[in-house]
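*Asks:* I'd like to ask some things about the structure below.
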Amino acid sequence: MSQIESIQPTTQQWTTICPLDRILPNTGVCALINGQQIAVFRVGEGTDVYAIENYDPFSKAYVLSRGILGDRNGIPKVASPIYKQNFSLLTGECLDDSTVKLRTFSAQVVDGQVQVKV
Amino acid sequence: MAKRLVTIGNGMVGHRFLEQMAAKGADWELICFCEEPRVAYDRVNLSGYFAGKTAEDLSLVAPDFYKDNNIQVHIGDKAVSIDRVNKTVTSAKGVTISYDKLVLATGSYPFVPPIKGNDLSGTFVYRTICDLEATEAYAKDCKVGVVVGGGLLGLECANALQNLGLKTHVVEFMPRLMPVQVDDAGGATLRQKIEDLGIGIHTGKSTTEIVADEHGRVSKMLFADGTELATDTIVFSAGIRPQDELARQSGLKIGDRGGIAIDDNCQTSDPDIYAIGECALYNNQIFGLVAPGYRMAEVAADRLCGSENNNFTGADMSTKLKLLGIDVASFGDAFGKTAGSKVIAIDDAVAGTYKKLVVNEDGTRLLGGILVGDATVYGTLLQLMQNQMALPPHPEDLILPPRSGASMAMGVEQLPDTAQICSCNNVTKGQICTAIQEQELRDVGSVKSCTNAGTGCGGCVPLVTDLLKSELKKAGIAVNNNLCEHFAFSRQELYSLVRSQDIHSFQQLLDRHGTGRGCEICKPAVGSILASAWNDQILDAPHVGLQDTNDSFLANIQRDGTYSVIPRIPGGEITPEKLIVLGQVAKDFGLYTKITGAQRIDLLGARVDQLPLIWQRLVAAGFESGHAYGKALRTVKSCVGSTWCRFGVQDSVSLAIEVELRYRGLRAPHKFKSAVSGCTRECAEAQSKDFGIIATEKGWNLYVCGNGGMKPQHAQLLAADLDKETLIRYVDRFLMFYIRTANRLERTATWFNKLEGGMEYLQDVIINDSLGIAAELEAEMAHQVATYACEWDVTLKDPIKLQRFQHFVNTDVPDPNIVLIEERGQKRPVFEHERQLSQL
Ligand code: SRM
Ligand SMILES: Cc1cc2nc3c(=O)[nH]c(=O)nc-3n(C[C@H](O)[C@H](O)[C@H](O)COP(=O)(O)OP(=O)(O)OC[C@H]3O[C@@H](n4cnc5c(N)ncnc54)[C@H](O)[C@@H]3O)c2cc1C
Ligand code: SF4
Ligand code: FES
Chain A
1 MSQIESIQPT
11 TQQWTTICPL
21 DRILPNTGVC
31 ALINGQQIAV
41 FRVGEGTDVY
51 AIENYDPFSK
61 AYVLSRGILG
71 DRNGIPKVAS
81 PIYKQNFSLL
91 TGECLDDSTV
101 KLRTFSAQVV
111 DGQVQVKV
Chain B
119 MAKRLVTIGN
129 GMVGHRFLEQ
139 MAAKGADWEL
149 ICFCEEPRVA
159 YDRVNLSGYF
169 AGKTAEDLSL
179 VAPDFYKDNN
189 IQVHIGDKAV
199 SIDRVNKTVT
209 SAKGVTISYD
219 KLVLATGSYP
229 FVPPIKGNDL
239 SGTFVYRTIC
249 DLEATEAYAK
259 DCKVGVVVGG
269 GLLGLECANA
279 LQNLGLKTHV
289 VEFMPRLMPV
299 QVDDAGGATL
309 RQKIEDLGIG
319 IHTGKSTTEI
329 VADEHGRVSK
339 MLFADGTELA
349 TDTIVFSAGI
359 RPQDELARQS
369 GLKIGDRGGI
379 AIDDNCQTSD
389 PDIYAIGECA
399 LYNNQIFGLV
409 APGYRMAEVA
419 ADRLCGSENN
429 NFTGADMSTK
439 LKLLGIDVAS
449 FGDAFGKTAG
459 SKVIAIDDAV
469 AGTYKKLVVN
479 EDGTRLLGGI
489 LVGDATVYGT
499 LLQLMQNQMA
509 LPPHPEDLIL
519 PPRSGASMAM
529 GVEQLPDTAQ
539 ICSCNNVTKG
549 QICTAIQEQE
559 LRDVGSVKSC
569 TNAGTGCGGC
579 VPLVTDLLKS
589 ELKKAGIAVN
599 NNLCEHFAFS
609 RQELYSLVRS
619 QDIHSFQQLL
629 DRHGTGRGCE
639 ICKPAVGSIL
649 ASAWNDQILD
659 APHVGLQDTN
669 DSFLANIQRD
679 GTYSVIPRIP
689 GGEITPEKLI
699 VLGQVAKDFG
709 LYTKITGAQR
719 IDLLGARVDQ
729 LPLIWQRLVA
739 AGFESGHAYG
749 KALRTVKSCV
759 GSTWCRFGVQ
769 DSVSLAIEVE
779 LRYRGLRAPH
789 KFKSAVSGCT
799 RECAEAQSKD
809 FGIIATEKGW
819 NLYVCGNGGM
829 KPQHAQLLAA
839 DLDKETLIRY
849 VDRFLMFYIR
859 TANRLERTAT
869 WFNKLEGGME
879 YLQDVIINDS
889 LGIAAELEAE
899 MAHQVATYAC
909 EWDVTLKDPI
919 KLQRFQHFVN
929 TDVPDPNIVL
939 IEERGQKRPV
949 FEHERQLSQL
């Protein structure tokens, strides 16, 4: 589906998307960065944040930020809100169809602000 | 140095063969010629291309598979000659490669009947993605399309043309459709069903000429009987012919009617050359299905890796398909050609089904059959036939609706280990059971990934599931009721834990009784339990992450990520003023409007950022959330009753409104629905509802546990001639008892069917209070009723909650992916193929 594009690591930079409290614990939001839709999730009550593509390849809609968070055997994941396929937040891999993989991005919280590296 | 194996053809079978070779890790240098401009894809699901699948979606080749396995594939390069003396292959691009062994997997090509005009502009075939691209591009300017050939592929192709928006006709030379698979009676049933879909069927028509217009494009077809048919485009689907051109040129043995002759080893007349898939002829038969080709791929791979134990011995040509949504199955000796065989057939013109069994002379064994219109028993029949199992004393019962409720379903336990469960991937019962035992498989997903069963057409998944259950039961592993990997409790158990330990959040419950972080199964289930127990607002911070997207945005998500808005219209009664508001709001926001199947109005196509603006207007006009998104009360339908109707004996509208307002917002294990009818004519269809009320001269009859939807079931009478107070009390108790005891996503009908003691038991609990919980149940309901608040109203007043209704957190722009187009004067989301057009 989605393959790693050849973005040079040197051109990547951190973008601040919102304050941490805009993301309620255990939910996600979607950010628009350089024209790309990126789903950013906050796992737990703290500063544990993950970013993957917002595109759901199964429904072809940009909706993953609205999925339910959770884990499968300890791997943090999100379930697509449309047809419920699960994606690992660590690797972007679809846990129900190993041929599908989404891009992931680094995410962090600095001074109460959520940042994503694109 | 490794020996070199050259494969010609990278279709479904050629690719499967290379996968097998890679998996066996044999010491071969693998090279493949691939004529098409792309590597192997799922031709079986080719028609999915018109339903929005892309070439990428259809691909069968995992990314980097060829690279990782050192397989060299010459994409877009056709092999044009074989030199068997020097053992080389030469390609169209001029590459010459020597081989030690050669595998031909060249498939077949569509047969185009020799009719004058068959090469005009506007004629196509249906075999490759390139064919489909060409057809689609041409069809843009067409209104009418004809498929020549009423076989399996022809009908599939007709469906595709119809999806492209063409008025579609099928022209078949033989007197009936699907002449190879079904008989005259089956063909007639099938024809009726397809005509009902608006497709024109012309059987017994022999085309004599295709006539061009002044630009040399197809304009009409002339038939031998003097009739004609105007059309803009023609797709030939009149059968396939084995692609044996290369083999012919190089002098390999070919069948009289084509096909590269092979033996049990899949070897051709030249022992260094193998042939597999649709190009191969075994026992004078070619196989136009993928499963036999996969078997050949296995056999050839085994041979080339030095194993002798696997032979090709022919294959079963049974087929089951869903064509245009119509079940058709044909298996074994479908035409009763076996000497002495007898036929049992049921041609039900009312139901539109045709079912035929062919049995042996003494009626003890099944030889074959045909099913049209309903093929639910196909799996059972196929197993009975393949395993030569004894038929029951009245074999007709197999195709009759069950008498006296007895189920004819055959237990999987009775099947022998050799029974083939998955025909797509040739997996037997024995293999599945061994995998379950040895690898300790516990769910269907792992059985699928470990055995491959169920990963093709999916038709065998119900059997696989039954096998898993029976194996687990045999092994003494309680088929547990655990909600999911995070909670070793059933929904009922969690519900009583929440109540008895006064638990108010998912985290509390997880900390005390669960593990991990939860998932899309336990979170909504617990969210629903908490709502049923305490009625806190579902969008409150600790609960919002538990909700399915529908609940979490208080609207139903649609296929493009937009939402629908369904306000509550209690009892279906609505004033003209409110109708005008709905119309005005729909107009202002460009929403698609539709009357739903449940007496209310749906406004579709709202973006997430528009939802609060829309609801602002609706709430101001006195509307409330309709909970169309929740596992909660949906509607209480009503008929006009005594207010207007000359037969009405009670005021059904007033009661319906009262009942709807009482239970609105109540969350339950699944959605539930109700209706009130003003007399026994039952215009509100109360007996198809989770609880239904029908007026009598003396009061109200209460029916419970009915269901429409997937498996309709009539509701049963719980109590008769009730006054209103008693009626409401019984409904309170009934609903709360259901909420306490049902499984996740179990509607009242399913719940009831598992309830030991049936209706008598339920009456005992609800009417006679045999469990002594009636007062508790009523109190719980009273709390629910008292704490109800419209979720939209609450949300609109809370700026923190509203923050979430925005597509992007860092900008106000809406989701650019949402594209709507107009149809019949309203907007709807584009389909994938239209999206590309609209972006041109
Ligand atoms: C909109 C509507 C179709 C329409 O245009 O008429 C509809 C739309 C959906 N129905 Fe329905 N059903 C609609 C009336 C019905 C009815 C008729 C009725 O209620 O009288 C039935 C059969 C009656 C019954 O439920 O027993 C019905 C039986 C189902 C079922 C099968 C339930 C079952 O037990 O078999 C599902 C699937 C499910 O709930 O799991 C379903 C699920 C759905 C879902 C939620 C599917 C989904 O997940 O997207 C659809 C939501 C669309 C949306 O966003 O609005 N819908 N659905 C109807 C909304 C009624 C309303 O005003 O709330
Ligand atoms: C629309 C449609 C629906 C179908 N539905 C079903 C179904 O429901 N169930 C079912 O079992 N089967 C179905 N089939 C049949 C199924 O697709 C075939 O049985 C299967 O694809 C056969 O695989 P194969 O590899 O033998 O042939 P193919 O998949 O046709 O592959 C052969 C490949 O070899 C290439 N080739 C040919 N000659 C050369 C050459 N000289 N050099 C290089 N390459 C060459 C061809 O271009 C082609 O790509 C369907 C087919 C179609 C078209
Ligand atoms: S029947 Fe109901 S669920 Fe199915 S498509 Fe129609 S609206 Fe959707
Ligand atoms: S029979 Fe098709 S997947 Fe098993």
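Going down the list, the protein sequences come from chains A and B. First residue of the first sequence: 1, per the working numbering; consecutive thereafter. First residue of the second sequence: 119, per the working numbering; consecutive thereafter. All C-beta atoms, glycine included, are put in the ideal place defined by N, C-alpha and C. A quick note: this is a predicted structure, and the numbers were derived from the prediction, not measured.
For the pair the segment 275-285 of chain B and the segment 227-238 of chain B, tell me if three or more CB-CB distances fall below 8 Å.
*Replies:* Because the criterion of three Cβ pairs below 8 Å is not met, the segment 275-285 of chain B and the segment 227-238 of chain B do not touch.
*Asks:* Using a Cβ cut-off of 8 Å, pull out every chain A residue sitting near residue 723 (chain B), in sequence order please.
*Replies:* In chain order: nothing, as chain A lies at least about 13 Å away.
*Asks:* Quick one: is the Cβ of residue 196 (chain B) within less than 7 Å of any heavy atom of ligand 2?
*Replies:* Indeed, a heavy atom of ligand 2 lies less than 7 Å from the Cβ.
*Asks:* One question on the structure: do residue 353 (chain B) and residue 298 (chain B) come within less than 8 Å of each other, judged by their Cβ atoms?
*Replies:* No.
*Asks:* Can you give me, in chain order, the residues of the segment 171-197 of chain B that have a beta carbon less than 8 Å from any beta carbon in chain A?
*Replies:* For the segment 171-197 of chain B, which is checked against every Cβ of chain A, the residues closer than 8 Å are 174, 180, 181.
*Asks:* Among the residues of its own chain, which have a CB less than 7 Å from the CB of residue 1002 (chain B), if the five just before and after it don't count?
*Replies:* This structure cannot speak to residue 1002 (chain B), because chain B is shown only from 119 to 958.
*Asks:* Consider the C-beta atom of residue 151 (chain B) and the heavy atoms of ligand 2; say whether any pair is separated by less than 7 Å.
*Replies:* Yes - ligand 2 has a heavy atom lying nearer than 7 Å to the Cβ of residue 151 (chain B).
*Asks:* Grouping DSSP H, G and I as helix and E and B as strand, with all else coil, what is residue 219 (chain B)?
*Replies:* In the structure shown, residue 219 (chain B) sits in a strand (DSSP, three-state: E or B).
*Asks:* Please confirm if residue 70 (chain A) has its CB atom under 8 Å from at least one CB of chain B.
*Replies:* Yes, residue 70 (chain A) lies at the interface with chain B (some Cβ there is under 8 Å from its Cβ).
*Asks:* Helix, strand or coil for residue 152 (chain B)? Go by DSSP, reduced to three states.
*Replies:* It is a strand residue.
*Asks:* Determine the DSSP secondary structure at residue 101 (chain A), reduced to helix, strand or coil.
*Replies:* Strand at residue 101 (chain A).
*Asks:* Is there at least one Cβ from chain A nearer than 8 Å to residue 490 (chain B)'s Cβ?
*Replies:* It does not; no Cβ of chain A falls within 8 Å.
*Asks:* Give the straight-line distance between the Cα atoms of residue 331 (chain B) and residue 104 (chain A), rounded to the nearest whole angstrom.
*Replies:* Roughly 55 Å separates the two Cα atoms.
*Asks:* Please return the same chain residues whose Cβ sits closer than 6 Å to the Cβ of residue 390 (chain B), not counting the five positions on each side in sequence.
*Replies:* Cβ neighbours of residue 390 (chain B) beyond the five flanking positions: 219.
*Asks:* Nearest-angstrom Cα distance between residue 227 (chain B) and residue 406 (chain B)?
*Replies:* Roughly 11 Å separates the two Cα atoms.
*Asks:* What are the complete alpha helix (DSSP H) segments, minimum 4 residues, inside the segment 175-236 of chain B?
*Replies:* Taking only runs of at least 4 residues, the alpha helix (DSSP H) segments lying wholly in the segment 175-236 of chain B are 183-186.
*Asks:* To the nearest angstrom, how far is it from the Cα of residue 12 (chain A) to the Cα of residue 729 (chain B)?
*Replies:* Cα to Cα, the separation comes out at about 35 Å.
*Asks:* So the beta strand (DSSP E) residue 795 (chain B) belongs to, where does it begin and stop?
*Replies:* That run of the beta strand (DSSP E) goes 790-795.
*Asks:* At a Cβ cut of 9 Å, what residues of the segment 919-946 of chain B count as close to chain A, listed as they run along the chain?
*Replies:* Listed in sequence order: 921, 922, 924, 925, 926, 927, 928, 929, 931, 933, 934, 935, 936.
*Asks:* For ligand 2, is there any heavy atom lying closer than 7 Å to the beta carbon of residue 361 (chain B)?
*Replies:* At least one heavy atom of ligand 2 is nearer than 7 Å to the Cβ of residue 361 (chain B), so yes.
*Asks:* Anyone know if the C-beta pair for residue 688 (chain B) and residue 778 (chain B) falls short of 8 Å?
*Replies:* Yes.
*Asks:* Between residue 411 (chain B) and residue 449 (chain B), what straight-line distance do the alpha-carbon atoms span, to the nearest angstrom?
*Replies:* Those two C-alpha atoms are separated by around 18 Å.
*Asks:* Mark residue 57 (chain A) as exposed unless 16 or more other C-beta atoms lie within 10 angstroms of its C-beta, in which case mark it buried.
*Replies:* The residue is buried, with at least 16 neighbouring Cβ atoms inside 10 Å.
*Asks:* Pull the bridge partners of residue 239 (chain B) from the DSSP assignment, please.
*Replies:* B:335.
*Asks:* With distances taken Cα to Cα, identify the nearest neighbour of residue 470 (chain B) among B:616, B:548, B:348, B:308.
*Replies:* Ranking the options by Cα distance to residue 470 (chain B), first place goes to B:308.
*Asks:* Counting along the chain, where does the alpha helix (DSSP H) carrying residue 631 (chain B) start and finish?
*Replies:* Counting along the chain, the alpha helix (DSSP H) containing residue 631 (chain B) begins and ends at 624-631.
*Asks:* Whole angstroms are fine: how far does the CA of residue 489 (chain B) sit from the CA of residue 300 (chain B)?
*Replies:* The straight-line gap from Cα to Cα measures roughly 8 Å.
*Asks:* Counting along the chain, where does the alpha helix (DSSP H) carrying residue 50 (chain A) start and finish?
*Replies:* Here residue 50 (chain A) belongs to no alpha helix (DSSP H); instead the beta strand (DSSP E) covers 48-53.
*Asks:* With burial defined as no fewer than 16 other Cβ atoms inside 10 Å of the residue's Cβ, what is the status of residue 718 (chain B): buried or exposed?
*Replies:* Buried, because 16 or more other Cβ atoms sit within 10 Å of the Cβ of residue 718 (chain B).
*Asks:* Runs of 3 residues minimum, wholly inside the segment 537-602 of chain B: which ones carry the beta strand (DSSP E) assignment?
*Replies:* The segment 537-602 of chain B contains these whole beta strand (DSSP E) runs: 538-540.
*Asks:* When every heavy atom of ligand 2 is checked, does at least one fall within less than 7 Å of the C-beta of residue 397 (chain B)?
*Replies:* Under cutoff, so the answer is yes.
*Asks:* Given this structure, state the Cα-to-Cα distance separating residue 875 (chain B) from residue 857 (chain B), to the nearest angstrom.
*Replies:* Going from the Cα of residue 875 (chain B) to the Cα of residue 857 (chain B) covers about 18 Å.
*Asks:* Does ligand 2 have even one heavy atom less than 7 Å from the beta-carbon of residue 366 (chain B)?
*Replies:* No - ligand 2 has no heavy atom lying nearer than 7 Å to the Cβ of residue 366 (chain B).
*Asks:* Ends of the alpha helix (DSSP H) at residue 902 (chain B)?
*Replies:* Residue 902 (chain B) -> alpha helix (DSSP H) spans 892-904.
*Asks:* Give me the Cβ distance between residue 581 (chain B) and residue 539 (chain B), rounded to the nearest whole Å; I'm assuming they're in contact under 8 Å.
*Replies:* Sure, about 5 Å apart at Cβ, within 8 Å.
*Asks:* Any idea what DSSP makes of residue 885 (chain B), helix, strand or coil?
*Replies:* Looking at residue 885 (chain B) - three-state DSSP - the assignment turns out to be coil, as it is neither helix nor strand.
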